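Counting from 1, position 168 in the sequence shown corresponds to residue 158 in my numbering; the numbering is continuous, with no gaps. All C-beta atoms, glycine included, are put in the ideal place defined by N, C-alpha and C. Remember, predicted model here, so these are calculated numbers, not experimental data. Have a look at the structure below, then the notes.
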Amino acid sequence: MTTRPIPSTQEALPVIGCGTWMGFDVAAGSAEHQRLPGVLDALFAAGGKLIDSSPMYGRAEAVTGELLAAAKQRDKAFLATKVWTSGREAGIAQMEQSFQRLRTERIDLMQVHNLVDWRTHLETLRDWKDQDRVRYLGITHYTSSAYPEVEAVLRAEKLDFLQINYSLDAREAEQRLLPLAAERGVAVIANMPFGGGSLMRRLRGKPLPGWAAEIGCASWAQLLLKFVLSHPAVTCTIPGTSRPEHMADNAAAGTGSFPDAAFWQRHAHSIET
Ligand SMILES: NC(=O)c1ccc[n+]([C@@H]2O[C@H](COP(=O)([O-])OP(=O)(O)OC[C@H]3O[C@@H](n4cnc5c(N)ncnc54)[C@H](OP(=O)(O)O)[C@@H]3O)[C@@H](O)[C@H]2O)c1
């Protein structure tokens, strides 16, 4: 799988990861839970690493930690999670719980979820980074109404990562946030690359355009992920899935070439229709 450098360290990060919202919030013993080891196996087999979770995602952190421990795969993962509460002590307590749930002594990336009380948590995270409890820090959001505040934080603070929504049908981040992240040397994780799943539902059953083969795409999922990864400011993307075959499909988009903006411009009409 292609890797891209995290600007603050130049560490290579594989371009396709796995989101755990919904898909990993499942009960132990359920049919959905039994599929999840296969999702992680497919991610790692393809050379992927990044797994993104949050205390907001119900059982997802605990399920991720349990699966990684059972399969002895912690070392293969780049674990990203979030803090999603207000107040210094509450933030510390929640993040300590994430270490336990993820069964790890070090979290690769800790992000302030939806900018909730970001000033407070970034201060804690700077200390924890100095102590090597977290390797990188960042902020996340998922909707364009929050972009002005995201932009202000991106300008004011020294961050390693910005996680933001970006997909073929939600391109507002191109206007200011993606160029600014590149300028500030901040890695970008694109979340909701399938529009939260709505794009996949709209495209189901529709034939792939002929030009998909030109860029090595054998599925709509691959085409949508290639689009996201074509933006030069995007470091990686984290499609959410609970199915091994979807993880393998998604991971395949992380190989081969990534077309330039002119390519997508040439096919804009086909994409819109
Ligand atoms: N504020 C934030 O920080 C924030 C907000 C939103 C999301 N996120 C993160 O970003 C991740 C991705 O966003 P998302 O999960 O909301 O939406 P998404 O990745 O745009 O779409 C996920 C949906 O696509 C389906 N899917 C995945 N791969 C597929 C494939 N190859 N073929 C067909 N369907 C496929 C999944 O179903 P199956 O399970 O059946 O594959 C699921 O319904 C989240 O899981 C989360 O980690 C963060």
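Nearest-angstrom beta carbon gap, residue j and residue i [assumed within contact, 8 Å]
i, j, result
"A32", "P234", "5 Å"
"D107", "G128", "Not quite, the Cβ-Cβ distance comes to about 15 Å (not below 8 Å), so this is no contact."
"R25", "S232", "6 Å"
"A238", "A36", "7 Å"
"L3", "L40", "7 Å"
"S167", "E141", "A quick correction: the sequence has Leu, not Ser, at residue 167. Confirmed, Cβ separation roughly 6 Å."
"A223", "V178", "5 Å"
"T75", "Q84", "5 Å"
Check whether residue i and residue j have beta carbons under 8 Å apart
i, j, result
"I6", "G38", "yes"
"S157", "L193", "no"
"D42", "G77", "no"
"V218", "P249", "no"
"G185", "A160", "yes"
"D122", "R96", "yes"
"D150", "Y126", "yes"
"T225", "R64", "no"
"N181", "Q212", "no"
"L144", "D98", "no"
"E139", "R91", "no"
"K66", "P45", "no"
"I205", "K216", "yes"
"E164", "H221", "yes"
"E162", "Y137", "yes"
Within-8 Å CB hit, residue i to chain B
i, result
"A177", "Structure shown: chain B not included; a single protein chain is present."
Check whether the region 16 to 32 and the region 91 to 102 are in contact - that is, three or more C-beta pairs closer than 8 Å.
At 8 Å Cβ cutoff, the stretches do not touch.
Under 8 Å: do the region 195 to 204 and the region 167 to 179 share three or more Cβ pairs, one atom per stretch?
The region 195 to 204 makes no contact with the region 167 to 179, as fewer than three CB pairs between them are under 8 Å.
Between the region 55 to 75 and the region 240 to 252, are three or more C-beta pairs nearer than 8 Å?
As far as the Cβ criterion goes, the region 55 to 75 does not touch the region 240 to 252, which means the pair count is below three.
Unbroken stretches of the alpha helix (DSSP H), 4 residues or longer, contained in the region 1 to 40:
List check, alpha helix (DSSP H) in window: 21 to 35.
Beta strand (DSSP E) runs wholly inside the region 76 to 156, at least 3 long, in chain order:
Considered as a whole, the region 76 to 156 harbours 97 to 102, 124 to 130, 151 to 155 as its complete beta strand (DSSP E) runs of no fewer than 3 residues, in chain order.
Those residues, in chain order, that have a beta-carbon closer than 6 Å to some heavy atom of ligand 1
Going along the chain, the residues that qualify are G9, T10, W11, G13, D42, H103, N104, T130, H131, Y132, Q153, N181, M182, P183, F184, G185, G186, G187, M190, A211, I228, P229, G230, T231, S232, R233, H236, D239, N240.
Sequence ranges, alpha helix (DSSP H) only - wholly within the region 155 to 225, length at least 4:
With a minimum length of 4 residues, the continuous alpha helix (DSSP H) runs that stay inside the region 155 to 225 are 167 to 174, 188 to 193, 210 to 220.
In chain order, which alpha helix (DSSP H) runs of at least 4 residues are fully inside the region 222 to 260?
Segments of the alpha helix (DSSP H) lying fully in the region 222 to 260: 234 to 242, 251 to 256.
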